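**Student:**
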Amino acid sequence: MLVGMVDTVFADVAKPDQHFVFLSKASCIDSTAQPEAVFAAEVKKLQADKFKPQQITLEPYERDHDIVVGVYRPPPKQSSYLRYLSLVHKMLFDKCNKCLVTHHVFRNIHMSKHQTDISPKQTKKIFLPRSSKKSQQIQEQKRHEVLYSKVETKIGPRLNNLNIQMLSKVMYEQVFKGIDDSKQCPNVLEQCQNDLLKHGMVKSDIEYMPDVDFKIPKLIGKNIIEHFYNIGEAQAKPYRDLVLGVLKYVPEVPKLWLMQSGWTRYAPNCDPMLVTCPLEDCILFDVEVCMQVGKLPTLATAVSSEAWYGWVSDSLIDGTGKPVVANDYFQEDLIPLHNETNLNIPKIVIGHNVSYDRARVKEQYLLENTGLRFLDTMSLHISISGITSYQRAVLKSEEKPEEDEKWLTCSSLNNLKEVYKLYCGKEIEKGVRDLFVEGSLLDIREQFQTAITYCAQDVLATYEILKVLFPLFLERFPHPVTFAGMLELGTAYLPINSNWMNYINNSEQAYEDLDIDRKVILTRCADQACQLLHNEKYLENLWMWDQDWEVKQLKMRKNASKEVREEKIETVDDEVDPLEERFSYLRDTCRYLPAVPTLLPGYPNWYRKLCSKPDSSPDWIPGPNLISTSMQITPKLLGLTWEGYPLHFIRGKGWGMIVPFVNDPTLETKLPLKQLLEKCPALTDKPREAISAELKIDKEVEQNLSKQEFYKRVKKDKTEGLYKGW
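The opening position of the sequence shown corresponds to residue 1 in the UniProt record's numbering, with each subsequent residue numbered one higher.
#1: Could you pull out every unbroken alpha helix (DSSP H) segment of at least 4 residues lying fully inside the region 345 to 386, listed in chain order?
#2: Going by the DSSP bridge assignment, what does residue 728 pair with across the sheet?
#3: If you scan the region 388 to 421 from start to end, which runs of the alpha helix (DSSP H) of 4 or more residues do you find wholly inside it?
#4: How many angstroms separate the CA atom of GLN165 from the CA atom of VAL202?
#5: Compare the Cα-Cα distances from residue 730 to each of ASN230, ASP211, GLU418, VAL212 and report the closest residue.
#6: CYS270 to ASN353, Cα distance in whole Å?
#7: Could you have a look at residue 779 and say whether DSSP puts it in helix, strand or coil?
#8: Does the structure place the region 339 to 355 close enough to the region 310 to 319 that three or more beta carbon pairs sit under 8 Å?
#9: Grab me the residues of LYS421's own chain with a C-beta within less than 8 Å of its C-beta, minus the 5 sequence neighbours each way, in chain order.
#10: From the DSSP output, in three-state form, read off VAL188 for me.
#11: If you reduce the DSSP assignment to three classes, tell me which class SER119 lands in.
#12: What does the Cβ neighbour count give for GLN235, buried or exposed, with the cut at 16 atoms within 10 Å?
#13: Taking the DSSP output, what are the residues bridged to GLN165?
#14: Since THR301 is in the beta strand (DSSP E), which residue starts that stretch and which ends it?
#15: Give me, in chain order, the residues of the same chain whose beta-carbon lies closer than 7 Å to that of PRO601; leave out the 5 immediate sequence neighbours on both sides.
#16: Which residues in the same chain as ASP213 place their Cβ atom closer than 8 Å to its Cβ, once the five residues preceding and following it in sequence are excluded?
#17: Which first and last residues belong to the beta strand (DSSP E) in which LEU487 is found?
#18: Where does LEU242 fall in DSSP's three states?
#19: Heavy atom of the ligand GTP less than 8 Å from the Cβ of PRO217, yes or no?
#20: Out of GLU536, PRO251, THR589, state which residue places its alpha-carbon closest to the alpha-carbon of MET556.
#21: To the nearest angstrom, how far is the alpha carbon of ILE224 from that of ALA484?
#22: Identify, in the order they occur along the chain, each residue of the same chain with its Cβ nearer than 8 Å to the Cβ of LYS177, setting aside the five sequence neighbours on each side.
#23: So what does DSSP say about CYS611, is it helix, strand or coil?
#24: Would you say ALA267 reaches chain D, if we count a Cβ-Cβ gap shorter than 9 Å as a contact?
#25: Give the DSSP-derived three-state secondary structure of GLY654 in the structure shown.
#26: Between the Cα of PRO336 and the Cα atoms of CYS277, ASN187, PRO272, which residue gives the shortest distance?
#27: For PRO495, tell me which candidate among GLN364, PRO665, MET291, GLU540 has the shortest Cα-Cα distance.
#28: Can you round the beta-carbon distance between ASN605 and ASP548 to whole angstroms, since I take them to be within the 8 Å contact cut?
#29: Whole angstroms is fine: what's the gap from TRP655's alpha carbon to GLN531's?
#30: Tell me which residue opens and which closes the beta strand (DSSP E) that PHE285 is part of.
#31: Quick one: grab the DSSP three-state call for ARG83.
#32: DSSP has TRP642 in a bridge; who is on the other side?
#33: State the start and end residues of the unbroken alpha helix (DSSP H) segment that holds TYR503.
#34: If you follow the alpha helix (DSSP H) that SER617 is part of, which residue opens it and which one closes it?
#35: Hey, VAL312 and LEU284 are a contact pair by Cβ (cut 8 Å); roughly how many whole angstroms apart?
#36: When the Cα atoms are used, what is the spatial distance from PRO681 to VAL659?
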């Protein structure tokens with residue numbers, strides 16, 4: 001039987017239903033036999049033995065008197081690659097005495113080299129005429145070209161036009177299924193390339209991550225975009241529909257409220273009735289607390305599209321409210337909002353700063369999850385017209401800079417009064433609020449109608465704000481995941497145990513210890529700085545030279561006091577102490593002291609401002625006991641610098657730093673220029689130019705610096721490149 005050498009068995013990734021078996025003509029034992037005959041004869045026997053016809057066929061494949069190929073097509077059920085590859089091995093080499101298999105992986109092609117040895121007792125080995133070495137190399141190169149030209153391959157990870165690694169092809173086809181990534185705007189690509197070059201983010205030696213290849217869970221949609229939209233819509237739609245439904249109408253506020261424990265429902269054209277909780281699935285809600293008796297709710301009001309609700313605590317009815325500690329709260333003291341028979345029904349509660357009200361809701365302390373969600377109109381306002389910390393300071397100040405007038409009408413502080421004024425253009429009365437802050441339960445009970453109507457007016461103001469804000473929110477943030485995420489964040493809580501109070505107590509103790517250390521350090525710094533008064537050494541200090549070093553002297557009366565000192569002598573035999581007699585004139589000087597004693601005479605004024613009078617407090621201690629980190633003198637006492645330059649404060653302009661622009665220590669100025677140049681060398685050697693540059697900066701500061709935002713607003717370097725900081 002003629003047996004040849006099978007050079008290669010491989011699987012083409014483009015044709016997973018076929019395997020190619022290459023036979024080399026030069027490998028045949030009998031030079032007179034054609035490779036096709038050898039292969040066909042062997043296949044015919046194997047088919048007759050075990051395999052069905054037409055599973056293995058012989059087809060010409062790049063016949064160049066050197067290569068012929070047999071194609072094996074596996075049955076449909078045998079889809080496993082290893083399965084039908086092993087079948088090919090079995091068909092071709094079962095009758096060989098020895099089989100050596102070597103596996104290689106090259107690009108996207110899996111190859112196996114199979115070499116067979118022929119038994120000398122069965123066959124006679126006949127060699128073809130030996131061809132030249134060069135001819136063999138040509139034939140080998142041609143064989144590889146034919147082999148690899150039939151399979152399209154791609155080396156390395158998937159990159160975009162900016163050489164940034166993207167998702168692997170397998171992952172991309174799953175995540176962004178049906179989305180074409182080939183359409184790209186040339187202008188956008190050029191702009192991106194320029195931005196990357198501008199920031200030095202273009203590198204040639206990039207280490208790419210290995211491609212990830214795994215099957216992700218099934219998407220709810222065609223691609224990842226539809227997937228997140230669909231799951232967000234599934235979570236947000238029930239609650240969004242409830243909010244949109246309540247925007248259409250709410251009834252008028254009741255004119256008379258019943259003072260009875262629990263929830264009372266006030267529906268139009270119906271008598272008030274007791275209920276366990278609000279019956280509708282969307283309500284606007286507000287809670288009031290009597291601060292004098294703790295943090296438990298005192299009364300609450302709510303409104304839906306069908307009725308108003310009022311809730312009154314048992315303590316207000318009985319008048320038994322007493323101050324309680326944090327661990328004395330029970331579920332009976334909290335406000336129920338959800339039907340206990342079915343807690344999974346979607347229900348939404350709307351309020352302004354609703355997290356304060358949520359802390360007093362009974363269902364929020366249940367271990368199982370509920371369908372109750374909270375929507376905060378303050379969060380809606382912040383997402384649409386929120387302000388920065390600087391804008392907050394401007395809104396709280398009495399003087400409003402002219403350049404800030406444009407945004408002052410577009411935003412406000414976050415409290416209910418300011419937000420209601422911004423969106424509704426009306427004022428809301430908040431004077432009754434002091435009743436809950438300073439009043440007792442008896443005071444609230446006596447003014448019950450006023451107190452609960454005030455609470456209802458807050459609910460009504462929240463409703464009018466919601467009518468304006470919620471459509472704006474849906475317009476600004478149309479994706480349902482945003483709304484769903486806001487609702488989900490509103491259900492967060494902090495799980496604690498008995499160690500929570502220990503943590504609070506330890507934190508308070510640590511703060512008090514650090515506060516004592518802070519006061520000791522600042523007091524020591526003030527005492528050391530006060531010693532600069534001797535020999536006017538403060539004139540050489542870079543921080544304390546501009547402080548008030550004037551000293552207030554002790555003033556004495558010109559005439560002695562008219563009060564006659566009474567000397568008590570118990571017996572005639574009392575002896576006079578010679579030392580007391582010798583220094584009696586010092587004791588007599590107290591008759592010349594003023595009626596109001598002077599505080600710390602002989603000390604500089606800035607130091608005296610940090611000290612309190614002895615009779616100001618029973619816990620009085622001597623020294624600068626009023627000093628704190630919020631005082632303007634504190635950075636100077638600590639000798640703080642910015643980039644090595646001493647900090648300096650100018651009234652009306654704020655904090656800055658002293659940067660030397662002259663190199664002449666003989667220049668007359670109150671500033672200790674000599675010491676400044678020793679610590680911070682001048683930025684230029686041209687005094688006149690530096691002085692003009694400094695005057696130019698001062699002039700522009702006067703024109704532009706109406707707040708501490710000068711260096712943020714005026715980005716241009718006004719030192720002509722001399723100062724390299726910031």
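All C-beta atoms in this analysis are idealised placements derived from N, C-alpha and C, irrespective of residue type, glycine included. Nothing here was measured: the structure is a model prediction, and the numbers come from that model.
**Tutor:** Put simply:
#1: Here the runs fully enclosed are 354 to 358, 377 to 385.
#2: Since the first residue of the chain shown is 1 and the last is 726, residue 728 is not available in this structure.
#3: Counting whole runs of 4 or more residues, the region 388 to 421 contains the alpha helix (DSSP H) stretches 389 to 396, 405 to 408.
#4: Pairing GLN165 with VAL202, the inter-Cα distance amounts to about 13 Å.
#5: Here the chain has residues from 1 to 726 only, and residue 730 is not among them.
#6: 32 Å
#7: Limits of the chain in this structure are 1 at one end and 726 at the other, which puts residue 779 out of reach.
#8: no
#9: SER412, GLU427, ILE428
#10: helix
#11: Legend: pLDDT at SER119 = 44, less than 50; position of this residue unreliable, value from coordinates given subsequently. Coil at SER119, not helix or strand.
#12: By the neighbour-count rule (16 or more Cβ atoms within 10 Å), GLN235 is buried.
#13: LEU159
#14: 299 to 303
#15: LYS552, GLN553, LEU554
#16: Only residues of its own chain outside the window of five on either side were considered, and among them SER168, VAL170, MET171 have a CB closer than 8 Å to the CB of ASP213, listed in chain order.
#17: Not the beta strand (DSSP E): LEU487 falls in the alpha helix (DSSP H), residues 480 to 489.
#18: LEU242: helix per DSSP, three-state reduction.
#19: The ligand GTP is not among the ligands present in this structure, which contains no ligands whatsoever.
#20: THR589
#21: The C-alpha of ALA484 is placed about 17 Å away from the C-alpha of ILE224.
#22: So the list reads LEU219, LYS222, ASN223, once near-sequence residues are dropped.
#23: coil
#24: Within the model displayed, chain D is absent; a lone protein chain is all it includes.
#25: The answer is strand: DSSP assigns GLY654 an E or B state.
#26: CYS277
#27: Taking only the C-alpha atoms, the option nearest PRO495 is GLN364.
#28: Correct: roughly 4 Å between the Cβ atoms.
#29: 25 Å
#30: 282 to 288
#31: At ARG83 the pLDDT is 48, less than 50, meaning the model places this residue with poor confidence; the figure from the coordinates comes in the next sentence. It is helical.
#32: Answer by DSSP bridge pairing, in chain order: TYR645.
#33: 499 to 530
#34: From DSSP, SER617 is part of no alpha helix (DSSP H); its letter is neither H nor E.
#35: Wrong, their Cβ atoms sit about 18 Å apart, outside the cutoff.
#36: 9 Å
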